[in-house]
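If you read the sequence shown in the numbering used here, its first letter stands for residue 3, the second for the next number, and so on. Beta carbons are placed, not taken as given, at the ideal position from N, Cα and C, and that holds for glycine. Report on the following structure.
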Amino acid sequence: MRNRPFSYRITLEADAMAEFDQHVVRRLSSMKGQFLDEQAYSAMLAQGDPLLYEVYYVERPEIAGELITGLSIVHAGKVGDEYFMTKGHFHAVLETAEIYYTLRGEGLMLMESPEGDWAAEELRPGRVLYIPPRWAHRSINTASQQDLVTFFVYPGHAGHDYGTIEQRGFRKLVIEHDGRPSICDNPRWRPPEVKTGSVARGW
Ligand code: PAN
Ligand code: ZN
């Protein structure tokens, strides 16, 4: 790991990706249960296992004070009418924010807070998105062909909670309707389970 000041290129040329330490790939098979149209999901999986998105990042110690930076590339495509998207997550340390800067493509960042608030912000080249602490986030590529490429920065100790979204989904979905992205309620969204604590039962 680098222990002196350093710089790197984010020019989007293929050879620039070599400057990152880590490369994570997410295929359709890792998104089971996340897309609404399960028939379309299974049919697509039967044809292969397409690459939905990739993340390149610079490794840093996962501690407060550090920053983790990298590129997220969501490819274009749909499962049924629902656009390719990232898994989405809360930060494990909920009180940590994140910055996204869009370099290429067009899309939406779908966000929600544990308190029930939700938001969708456009991801367009040249725009910065500030995600405050507490907001889960998922990036969605709404273009028909072009990759959605974003640069992100988040605190080293943030960590990722994927389980909450895997179990409940996001409150909203982004689907193509009449050739355009449209935000609708997720019919499968489930409210968080009420914790009963240590109440004694079955006496
Ligand atoms: C990003 C995301 C990246 C991939 O670096 O991790 O876009 O999305 P998922 O992590 O939801 O698969 C980030 O938000 N880090 O905190
Ligand atoms: Zn994040």
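| Asked | Found |
| --- | --- |
| For the beta strand (DSSP E) containing G72, name the first residue and the last one. | L69 to V76 |
| Spatial neighbours of V27 within its chain, please: CB distance less than 7 Å, with the 5 preceding and 5 following residues excluded, ordered by chain position. | L53 and E56 |
| Under three-state DSSP, which class holds T166? | helix |
| Might you give, ordered along the chain, the residues of its own chain that have their beta carbon closer than 8 Å to the beta carbon of S31, omitting 5 neighbours on each side? | L47 and D51 |
| Please report how far the alpha carbon of R4 lies from the alpha carbon of E64, in whole angstroms. | 14 Å |
| Less than 6 Å between the CB of E100 and some heavy atom of the ligand ZN, yes or no? | yes |
| Taking the continuous beta strand (DSSP E) assigned at L175, which residues delimit it? | K174 to H179 |
| Taking only the alpha-carbon atoms, compute the straight-line gap between N188 and R173 and give it to the nearest angstrom. | 5 Å |
| Any idea what DSSP makes of E123, helix, strand or coil? | strand |
| Using a 10 Å radius around the Cβ and a threshold of 16 neighbouring Cβ atoms, would you call S74 buried or exposed? | buried |
| For A42, which residues from the same chain have a beta carbon less than 6 Å from its beta carbon, with the 5 sequence-adjacent residues on both sides left out? | V81 and G82 |
| When the Cα of P127 is compared with those of Y58, Y102 and D119, which residue comes out closest? | Y102 |
| Taking 6 Å as the limit between beta carbons, can you name the residues of its chain near P7, skipping five residues before and five after? | none |
| Just how far apart, CA to CA, sit E100 and R136? | 10 Å |
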